[in-house]
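Structure first, then comments.
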Amino acid sequence: MMGLRSTYASWIALASAAAAQKCPLAFDGRVPAGSTPAFFDTEASPFSTGYVKGANVSFSQLLELPTVPASLFDAVNQSLAVEVTIDDQSIFAPSPTNVQVGFRRAELQIDSNNGTDSSTTGIKTLHFSVRKDTTRPLNTSHEYQLVFLEDASYSTNQFVLKTGTIDGQPAGQDPNLLVLVANVNVKPIVNLFDTSFTENVWHNFGLTLDFTANTTTVLYSTDSTPLAVVTGPVTNDISGQGQFHFGVLKKPTGSNLTDVTKEGYQEAGIDEGVIYGAIFMEDSTGGCVSLSPADSPASNTTTQSTYQPPGSEDCQ
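Those letters in the sequence shown? Residues -20 to -1, 1 to 296, by mature numbering (1 follows the signal peptide of the UniProt record, and there is no 0).
The structure is reproduced here in structure tokens:
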């Protein structure tokens, strides 16, 4: 893995000397400056107004726009961070006969990402940043899903960013890790990357998803540091298209559960949240991936470095 990572990193280093260019956007979920929570209940929002949330509640009631330092790719446009919160009423019901009482969940989904759109074809890089809210701490005795791709048949998640007490991880593992897991149908579980979920820090991710070669490359940094490759490209089954989720999916605790969506324990009186920054996706055909924002805060673009990943024969 280290040799592959070094090879990949060398491509990045060579590319940094190239002229800046614009990577085409596949979607843009960055929140415009001046927005209020009511923005997320309107058609102007880049996110779905209907999913994923509890019944009889609007996103303006679930989302906060916290006063925090700008994330890596929010600073350039002065776009805003958004916090997704959950409480006792965060019970999603996909249908009247399928009420997920085992979960507490609220997630943002890009409105144009309908499950069969082009965001899950070709080569794309998904960008997002996550940050703890120390005033709405998670209960790390539970497992949480913070970002994931759910395939169009609802039969797997092709990748998941998790935290807490995660099923399938080693006993005694630190529950305050961010763990990026590959396709969850693969057993044993494959971890793509992990890092401490430290407080008062932006954790920036770029996931280059090659839907043709079925590979995943992970880029990561903190705060205003440019992204760098930390994993890959590695083989990971990301076929099946589907929809991206950004939010808090809190799983139940309990043993011998046969259906975690409807069984297990959830404590009452919760008020939990996770802060997100700069959710967007770019077309990385030809190796175009954004590593850092533009120098000018007034710019509407980001600084891109072009790199060409090693051939798929190097993936392992």
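The C-beta atom is built at its ideal place from N, Cα and C for all residues, glycine as well.
Counting only runs of 3+ residues fully inside the segment 100 to 149, write out the beta strand (DSSP E) ranges in chain order. 103 to 112, 123 to 130 and 137 to 144
* Anticipated Cβ contact below 8 Å, THR238 with VAL214, distance rounded -> Their Cβ separation, rounded to whole angstroms, is 32 Å, which puts THR238 and VAL214 out of contact at 8 Å.
Check your understanding: Do LEU126 and LEU106 have their C-beta atoms within less than 7 Å of each other?
Key -> no
Worksheet entry | Validate contact between the segment 96 to 111 and the segment 259 to 273 using beta carbons, cut 8 Å, 3 pairs | yes
Residues that DSSP places opposite ALA86 in a beta bridge = VAL228
DSSP three-state assignment for residue 300, whether helix, strand or coil: The chain is shown only over -20 to 296; residue 300 falls outside these bounds and no answer can be derived.
Original post:
In the DSSP assignment, what are the bridge partners of VAL164?
Top reply: Partner(s): none; VAL164 has no beta bridge.
| Does DSSP put PHE185 in a helix, in a strand, or in coil? | strand
Next item on the list: Taking HIS225 and PHE128 to be in contact with their CB atoms under 8 Å, please state how far apart those CB atoms are, rounded to whole angstroms.
Entry: 5 Å
### Query
According to DSSP, is PHE20 helix, strand or coil?
helix
Open item on the list: Short of 7 Å in beta carbon distance, which residues of its chain neighbour VAL164, apart from the five on each side in sequence? Order them along the chain.
Closed with: THR136, ASN137 and VAL140
**Asked** Taking one C-beta from the segment 175 to 192 and one from the segment 94 to 105 each time, how about it: are there three or more such pairs within less than 8 Å?
**Response** yes
SER98 by DSSP, collapsed to three states: which one? helix
- Query: Is it a yes or a no for the segment 166 to 175 touching the segment 229 to 245, going by three-plus beta-carbon pairs under 8 Å?
  - Reply: no
Inset, instruction - Leaving aside the five residues before and after ASP217 along the sequence, list all residues of the same chain whose C-beta is less than 6 Å from its C-beta, in chain order. - result: ASN163 and ASN194
* Along the beta strand (DSSP E) that carries ILE250, what are the first and last residues, could you check? => Counting along the chain, ILE250 falls outside any beta strand (DSSP E), and DSSP gives it neither H nor E.
Let me confirm a value: PRO4 is counted as buried when at least 16 other C-beta atoms fall within 10 Å, else exposed. Which label applies?
exposed
What does the alpha-carbon distance come out to for the pair ALA55 and PRO273? 8 Å
Compare the beta carbon distance of VAL62 and LEU42 with 7 Å and say whether it is the shorter of the two. no
ask   = What's the gap between the Cα of THR188 and the Cα of ASP21?
value = 30 Å
Other residues of its chain near THR202: CB distance less than 7 Å, five sequence neighbours each side excluded:
VAL181, TRP182, HIS183 and ASN184
Practice item. Name, in chain order, the residues that DSSP records as bridge partners for ILE255. Key: GLU63 and ARG111
Practice task
Could you tell me the distance, in whole angstroms, from the CA atom of LYS33 to the CA atom of PRO232?
Solution key: 17 Å
>> For GLY222 and GLY253, I'd like the C-alpha separation in whole angstroms.
In response: 25 Å
* So, are the CB atoms of SER75 and PHE7 less than 7 Å apart? -> no
Candidates GLU87, VAL161 and ASP68: closest to ALA248 by CA position: ASP68
Q) Beta carbon of VAL81, beta carbon of ILE71: below 7 Å? A) yes
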